[in-house]
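Throughout, our numbering is defined as the position within the sequence shown, counted from one, plus 21.
See structure below.
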Amino acid sequence: MRTLCVTKHARNIAAIMLAIAASIGTTALGQSFTPPAAATFSSTMPYSDLVQSQALATDSSGDIFFSRPASGILAEKPASGGAEIILYTAPSGSGGYPKGVAANDTYAYLTDYSGHLWQVPIGGGTATDILSTCGSIDNGYLGTQDVATDGLGNVFVAGNNETTLFKITQAGACSTVGGITLDANSHVAADAAGDLAYSTAGVLYSMPAGATASVAVPGTFNTIIGLRSDASGDVFVTTYSGIIEVPFISGTLDGTRAFTVLTASSQNDVAVSPNGVLLTTDGTNIFRNVLGAIRYGSTAVGIKSSVQTVSVIFNSAQVLTGIRYAAGTGSSTEIVSAGSGSCAIGQSYVAGSSCTLDLTFTPQSIGARNGAVVLSSAAGVIGTVAVAGQGSGAGLVLDPGTQTNVGSAWQSPSGIAVGASGELLVADKTAGTVSYFAPGSTTAVVIASGLTQPTAVALASDGTAYIETATGTVIQVPYNGTAYAAPAAIATGLKSPGAIAIGPGGSLYVANSGAGTVVRYPNQSGTRNFSASSIVGSGFKAPAGIAFDASGSLYVADSTAGSISKITGTTASVIAAGLTSPNAVAVDDSGSLYVLSAGSATILRIPFTGGSYGSNSATSLGVGLTSLASFAADSAGNLYVADSGAPAVAAIRRTAGLLNLGRINVGSSSSAQSLSLSNDGDLSLALGSPLFTTSGNTTDFAVSTSSANACASGGTLVTGATCAVSGIFTPTAVGTRTETLTFNTQATNATAIAGAFTGTGINLPKTTLSLTINPSGTVPYGTTVTATAVVGAPAGSTSAPTGSVTFLVNGTTYKVVTLVNGTASASITGLAAGNNTIDASYSGDATYAASSGVTQSIVVTLAPTTTTFTSSITSATPVAPGTSVTLTATVLASVTGAKPTGTVNFVSNGTTLVSAVVNSSTGVATVTTTALPAGVYAIAAVYGGDSGFAPSTSAAISVAIRVQQFDIGNAPSALNVSAPGSVTTSFSIIPIGGYVGGVDIACSGLPANTQCTFLPATLAFSGTATPQTVQLIITTYTPAPTTVAWVMPFGMLLMIGMARRRKALGVMRSFGTLALLLSIGTALLAINGCAGTSSPTPKGTSNVTVTLTGTPNGSTTIPANGTGNIVKTISLTLTVQ
22 MRTLCVTKHA RNIAAIMLAI AASIGTTALG QSFTPPAAAT FSSTMPYSDL VQSQALATDS
82 SGDIFFSRPA SGILAEKPAS GGAEIILYTA PSGSGGYPKG VAANDTYAYL TDYSGHLWQV
142 PIGGGTATDI LSTCGSIDNG YLGTQDVATD GLGNVFVAGN NETTLFKITQ AGACSTVGGI
202 TLDANSHVAA DAAGDLAYST AGVLYSMPAG ATASVAVPGT FNTIIGLRSD ASGDVFVTTY
262 SGIIEVPFIS GTLDGTRAFT VLTASSQNDV AVSPNGVLLT TDGTNIFRNV LGAIRYGSTA
322 VGIKSSVQTV SVIFNSAQVL TGIRYAAGTG SSTEIVSAGS GSCAIGQSYV AGSSCTLDLT
382 FTPQSIGARN GAVVLSSAAG VIGTVAVAGQ GSGAGLVLDP GTQTNVGSAW QSPSGIAVGA
442 SGELLVADKT AGTVSYFAPG STTAVVIASG LTQPTAVALA SDGTAYIETA TGTVIQVPYN
502 GTAYAAPAAI ATGLKSPGAI AIGPGGSLYV ANSGAGTVVR YPNQSGTRNF SASSIVGSGF
562 KAPAGIAFDA SGSLYVADST AGSISKITGT TASVIAAGLT SPNAVAVDDS GSLYVLSAGS
622 ATILRIPFTG GSYGSNSATS LGVGLTSLAS FAADSAGNLY VADSGAPAVA AIRRTAGLLN
682 LGRINVGSSS SAQSLSLSND GDLSLALGSP LFTTSGNTTD FAVSTSSANA CASGGTLVTG
742 ATCAVSGIFT PTAVGTRTET LTFNTQATNA TAIAGAFTGT GINLPKTTLS LTINPSGTVP
802 YGTTVTATAV VGAPAGSTSA PTGSVTFLVN GTTYKVVTLV NGTASASITG LAAGNNTIDA
862 SYSGDATYAA SSGVTQSIVV TLAPTTTTFT SSITSATPVA PGTSVTLTAT VLASVTGAKP
922 TGTVNFVSNG TTLVSAVVNS STGVATVTTT ALPAGVYAIA AVYGGDSGFA PSTSAAISVA
982 IRVQQFDIGN APSALNVSAP GSVTTSFSII PIGGYVGGVD IACSGLPANT QCTFLPATLA
1042 FSGTATPQTV QLIITTYTPA PTTVAWVMPF GMLLMIGMAR RRKALGVMRS FGTLALLLSI
1102 GTALLAINGC AGTSSPTPKG TSNVTVTLTG TPNGSTTIPA NGTGNIVKTI SLTLTVQ
């Protein structure tokens, strides 16, 4: 056990510093940041397919935008992965190559050497050169160099040949920014609030939003070749020797605190993603640089990962005296040196030099396995890298777990945190203290006192403690490897904050309940920057609890909204709703949730199985607790609770289950109760055969796996699922009797996992228990059932039984209720459809023996559902194969206390095309696919039902997935025309599947002296779904009798002319001329259905065919008449009257 040193002197200093902090106020403390003496980062190259990348930018979703100068391409790499999207191809050559790139959430911007500023819609559309709006200012000439966007919709442009910085507003108005002078190599950056930074003649300047003049930023930079701001205003300066961060503190850039974050001489540009990751390009690839942190992917427990490298940059001269591989306040055996790094203890490093740490990760348990590597000099900690990893495997936890108290003399425990080594931090709101418990210890060491209402605590992977107070202050208690130093306030101004937590990347998160936000203080190169806070997520009402899963997703408990949200990257979704004032949340490696409602006496476990949250099968954890203020969970599944009502702090060891079957008279039997076994890992759990071995008082207990939801020897328990082992206690002797079950599984969350049934054999007066339920018999799903137990003493007794009653549902503990005047009641919700049993068991007390009531049965019928269905396409607008289609089903039910879960299948003709999981909080199941088969067919959404809700099927929607072609609409079938005379009709050509190409139209089968005309005769389609209308005009006439007479002599003259020239012309030219003349003659004759007659169009009926010839060619170029590979016809009857 580690001995922790916290001196009385340090605590006295802390009290003085906190008093000073209270007098300083928000401004000074809210801007706390000390640059690291040794900055750390890890670098990967996930985008090696993006060759020739140059200028970079990101939007608020983390999408990456970059240019390819050689091809003139502006491209996007989606944050969610997937193929590169080409947004625009700019003109190249003659100085038109692309250069600067910027982006907001609507447009990407690209400058080039020809003086253009291209505004390109991210969602698709036409690129526009918006620099034309500045023509009246720059006299029509601007050689654009760099571009930046702020969070207000403004675009800023620096030029190659201009000294002025131009600003173009969201409305398109162009103006110059006063007080700024640029040169041919200037660069510009802007943050979300409109603060500007720019470079001129190698000097960095700052112009905060609202300022009318810029100021030079102290510092010397080795040739500035790029600038980029993050959302908080920190500026990253790209130079030939590396990338330097200049913090934005107290409203301006502070060059005195600038420090190098990346050393690379080949970086062309840098962009900052929303989570603080730096994206850089060397002209060939894009690199992902994580400042102050490194992450290992999911790694099987016990398996060593590949080596990863952390780079260390020394910003001042240092002698490295220590490298600590930390797991909280303990030493990590999972994150170790690979032995190949260049950083060496005892080595001297000058400013600007660097070294490397090569690390491996070997998880020893499942879930989040976070740690840190801490670098020290004689003066103390100089650098830190947070290390995050996930142990992959099956887990096993048992409920109820073994529950013990931690510490004593609590006044009002309010916040609790568990560290990577199992150490605990506990805040006592009334006492104004924070106490530390070493792993496995129940002895408290106070590390901070004299605090004003501490409400929450967090423990970083390097052992640093963070404290949150009700007054909106964040306090840091540094840890040097052996002792905690004096606390110091580092941030203020928060509004009624709730929870506080450290993310896997080392950033600090605060649930700022009063403001309805979650605040992030980033880990920048190993130091948390409290001057660069940002908001994570949106739409919260009163976020009270926050937690992270092993992959880094953030979970937020919104007390007022009664919901739990999950944030992955920049995508947020509500995953549980209808909760009662949730103020704390945790998540295990299976994805199952643990939720604490304000003032509740238990913690609610919501299982995550089959891709869905089983809100309807939630269970309560914790026994004998009163009013919980907060709780924490370790990666093994154990829980730690701060019970402000008791007051007490309890540890619930769920790797060692313990079920007390009560005080039973010798020879009598208890009712059957069950230990619940749950898989809290990310892989399925194989159950051994036999499932367990027993020891202890085995003759006093009848253990069975034949009850409802029983665990099967040799079976499998999928991730998140639960099964049960039941026990009946029949004591053979007076005293405590226990039988221990050691389980035979491959669970990796603990070395040995066991559960025990225990009870006390007594010889005391018997009691009776009368159990009733209301309603009873058969009820619809979602009905709340009230169970009431009345415990009676034997006749002649002078006192009423005391103690508690355990209510069981299907043999598993549902709730423990204290007797009041011999009566206890419980409201039971979430009963599954089918037959259910409800039992009650009295625990007994010092005077009376335990007793059980008669089992009550209740039948729950499935609740009816209605499924509605929408599709992003219908048969009215056919699309091409491979088109992205979104199918959305909503499952509705009249039940108010539960929501449908399970799966919706999207079915056509009995075949499931795709499936989607129903969101348990909204009832919505949605899927986006590009794999729908070609054809015209109907799709229906089929909800399969769950344990409480009946299946249902939606109305069908017809869709059309067709290759590129066209259809004919409103085609005429019969026309009447007078002779002479004309008739006009129209029809439409409907493009299908994004048809691109031309369509030519002709007719045949006309009677003599009849012609048809099409307006237009040739059409072009460019991929839109808009039909085009064609007019068909059929004209009958009587030709003049001289038509042939004058044509033929003219033809003969042409022939004579050809003969006279024959000697002068070659044979081939003669035949060419002949063909031309014959064509002319034919054209003159082809005006008529039958030339050379003066008869009118004959009366009667003809069968006319209109032929449409289309050539899909991938472009809008019209093909030559008569070619193509799509031919469609209209057959109509023409009657001449």
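Ideal placement from N, C-alpha and C gives every residue a C-beta, glycine not left out.
Using alpha carbons as the reference points, say which of the options lies closest to residue i.
i: Ser905; options: Tyr869, Val838, Thr951, Ala946; result: Thr951
i: Val998; options: Arg983, Asn1030, Ile1011, Val984; result: Asn1030
i: Ser734; options: Thr868, Leu480, Thr740, Ser710; result: Ser710
i: Gly1002; options: Ala520, Thr924, Val1157; result: Val1157
i: Val687; options: Ser638, Ile307, Ala650, Thr751; result: Thr751
i: Tyr16; options: Gly136, Pro142, Asp290; result: Nothing can be reported for residue 16: it is not among the residues displayed for the chain, which extend from 22 to 1158.
i: Leu472; options: Ala571, Leu480, Gly484, Ala448; result: Ala448
i: Gly741; options: Ser699, Thr772, Ile774; result: Ser699
i: Gly318; options: Val340, Ser413, Cys376; result: Ser413
i: Val238; options: Ile270, Ile246, Val606, Gly263; result: Ile270
If you reduce the DSSP assignment to three classes, tell me which class residue i lands in.
i: Pro278; result: As written in the sequence, residue 278 is Arg, which differs from the Pro given in the question. If DSSP states are grouped into helix, strand and coil, Arg278 belongs with the helices.
i: Ala507; result: coil
i: Thr494; result: coil
i: Thr301; result: strand
i: Ser148; result: Note that residue 148 is Ala in the sequence shown here, rather than Ser. Note: Ala148 maps to coil in three-state DSSP.
i: Asp609; result: coil
i: Asp703; result: coil
i: Thr720; result: helix
i: Thr79; result: strand
i: Ala536; result: helix
i: Arg1090; result: With a pLDDT of 38 at Arg1090, under the threshold of 50, the predicted position of this residue should be treated as unreliable, and no value is reported.
i: Asn637; result: helix
Any heavy atom of the ligand GTP inside 6 Å of the beta-carbon of residue i?
i: Asn243; result: Looking at this structure, you won't find the ligand GTP or any other ligand, since it has none at all.
Which one or two residues does DSSP pair with residue i in a beta bridge?
i: Leu341; result: Paired residues: none, contrary to the question.
i: Asp866; result: According to DSSP, which records beta bridges pairwise, Asp866 is partnered with nothing at all.
i: Cys376; result: Val333
i: Thr907; result: Thr949
Using a Cβ-Cβ cutoff of less than 7 Å, which residues in the same chain neighbour residue i once the five nearest sequence positions on both sides are dropped?
i: Leu1027; result: Cys1033, Gly1110, Ser1123, Val1125
Would you tell me roughly how many angstroms separate the C-alpha atoms of residue i and residue j, rounded to the nearest one?
i: Asp664; j: Thr715; result: 34 Å
i: Thr839; j: Gly865; result: 11 Å
i: Ala731; j: Pro56; result: 57 Å
i: Thr1154; j: Ile989; result: 17 Å
i: Thr405; j: Thr548; result: 7 Å
i: Gly1178; j: Ile107; result: Only positions 22 to 1158 of the chain appear in the structure, and residue 1178 is not among them; the question remains open.
i: Leu646; j: Ala430; result: 16 Å
i: Ser873; j: Ile685; result: 10 Å
i: Ala338; j: Gln368; result: 11 Å
i: Val178; j: Leu953; result: 45 Å
i: Ala1041; j: Thr1150; result: 18 Å
i: Asp303; j: Gln288; result: 5 Å
i: Val298; j: Arg309; result: 7 Å
i: Asn533; j: Phe569; result: 17 Å
i: Gly940; j: Ser482; result: The displayed chain sequence assigns Asn, not Gly, to residue 940. For Asn940 and Ser482, the distance between alpha carbons rounds to 34 Å.
i: Ala571; j: Asp610; result: 7 Å
i: Gly514; j: Ala347; result: 32 Å
Using a Cβ-Cβ cut-off of 6 Å (strictly less than) and excluding sequence neighbours within five positions of residue i, which residues of its own chain qualify?
i: Ser1171; result: Residue 1171 cannot be examined here, being either before or after the span of the chain that is shown, 22 to 1158.
i: Thr1050; result: Ser1007, Ser1009
i: Arg983; result: Pro899, Ile1013, Gly1014
i: Gly736; result: Leu708
i: Ser326; result: Tyr317, Thr320, Thr381, Phe382
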